[in-house]
Amino acid sequence: MDLNRRDLLMTSSATLGGALAAGCASVTATPSQPTPFSLSVPAVPIAGSREVFPVHRIYCIGRNYAAHAREMGSDPTREPPFFFQKPNDAVQFVPPGTTVDHPYPALTRNYHYEVELVAALHSGGRNIAPEQALQHVYGYAVGLDMTRRDLQSDMKDQKKPWEIGKSFDLSAPIGPIHRTAQTGHFPKGAITLSVNGTVKQSADLAQMIWSVAEQISNLSQAFELKAGDLIYSGTPENVGAVVRGDLMVAHIDGLPDLSLRVV
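Quick note on numbering: the sequence shown equals residues 0 to 262 in numbering that gives the first Met the number 0.
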């Protein structure tokens, strides 16, 4: 090893070691530091504003409506809440009043819709009490947790992680975020999804097993929640498959519909 390279490695190691010793969890690029490429932060427009909501993480709760839990082979009276994540760039923004093309993903032959209420956080923390949880919600949106069901089922059968069935490109369609100052919270209200004009999913938000506040509280016990986090709060029963050409319309009372055509 030549002297310059050795000096560079020693300097870099010392800098990183010092950062870790000082209690830093990671090294973060700053505007003054050069990077080999630029990296944008995914964001969702905020209704009635020129601002956008930068997305930090996407959390999803599984089997949060009793009938859906049963159709997935689970007992909703016994199961504690569980969560999985999607990458933040899985979002696909769908403007109100428009129908957006949604690509049918690779590798699957059984592609499922799941309509969900999405809670967007402007603050967070650890071990948040349910009574304080809604203080961290900036707003709400209509979302879809799109799922490659055959891949998810295969991974379950093999007792392997089923990320490939959930966490892929554009798997988290979402409408604009509506601030709680304008809408309030959503403890109840119709949530539906139709395909080609036929209603497939229909329930009430009040039928959630774990409320949004309880989801935030439970998540904060495992993760430090932060501003920019999105929580997809679960889907009702009657999830099902779509194929190319199908038109999906997701609806939640008090929010604009979400319209996508599978292509």
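Quick reminder that beta carbons are idealized off the backbone N, C-alpha and C, glycines included.
Proximity to residue i [Cα-Cα], best of the options
i: Asn126; options: Glu213, Gly239 and Glu236; result: Glu213
i: Ala171; options: Leu204, Asp74 and Tyr112; result: Tyr112
i: Ala202; options: Glu115, Leu143 and Asp168; result: Glu115
i: Ala128; options: Ser166, Leu150, Asn217 and Glu70; result: Asn217
i: Pro44; options: Val194, Val141 and Asp252; result: Val141
i: Ile190; options: Gln151, Leu143 and Ile215; result: Leu143
i: His177; options: Lys85, Phe81 and Pro95; result: Pro95
i: Leu192; options: Val241, Arg147, Ala65 and His121; result: Val241
i: Gln181; options: Val194, Ala46 and Thr34; result: Ala46
i: Ala119; options: Pro53, Ser39, Val194 and Pro79; result: Pro53
i: Pro264; options: Met145, Ser232 and Leu133; result: The chain is shown only over 0 to 262; residue 264 falls outside these bounds and no answer can be derived.
i: Glu50; options: Leu106, Phe167, Ser31 and Pro175; result: Pro175
i: Tyr139; options: Lys158, Ile173, Asp156 and Met154; result: Ile173
i: Glu130; options: Pro104, Val117 and Ile215; result: Ile215
i: Pro41; options: Gln151, Lys85 and Pro30; result: Lys85
Residues that residue i bridges to, as DSSP identifies them
i: Glu115; result: Gly142
i: Ala240; result: His111
i: Ala189; result: Asp203
i: Phe82; result: Ile60
C-beta atoms of residue i and residue j nearer than 8 Å
i: Gly223; j: Gly124; result: Contrary to the premise, residue 223 reads as Glu rather than Gly in this sequence. Cβ atoms of Glu223 and Gly124: closer than 8 Å.
i: Val93; j: Leu246; result: no
i: Asn87; j: Arg56; result: yes
i: Val248; j: His67; result: no
i: Ala272; j: Asp168; result: Lying outside 0 to 262, the shown extent of the chain, residue 272 is not represented and no answer is given.
i: Ala221; j: Ser122; result: no
i: Leu106; j: Arg147; result: yes
Presumed contact (8 Å Cβ cut-off) between residue i and residue j, rounded CB distance
i: Thr98; j: Arg260; result: 5 Å
i: Thr197; j: Tyr137; result: The pair is not a contact, with the Cβ atoms about 34 Å apart (cut-off 8 Å).
Q) Touching or not, the segment 58–66 and the segment 205–224, by the rule of three or more beta carbon pairs under 8 Å? A) yes
Q. If you pair each beta-carbon of the segment 248–257 with each one of the segment 175–195, do three or more pairs fall below 8 Å?
A. yes
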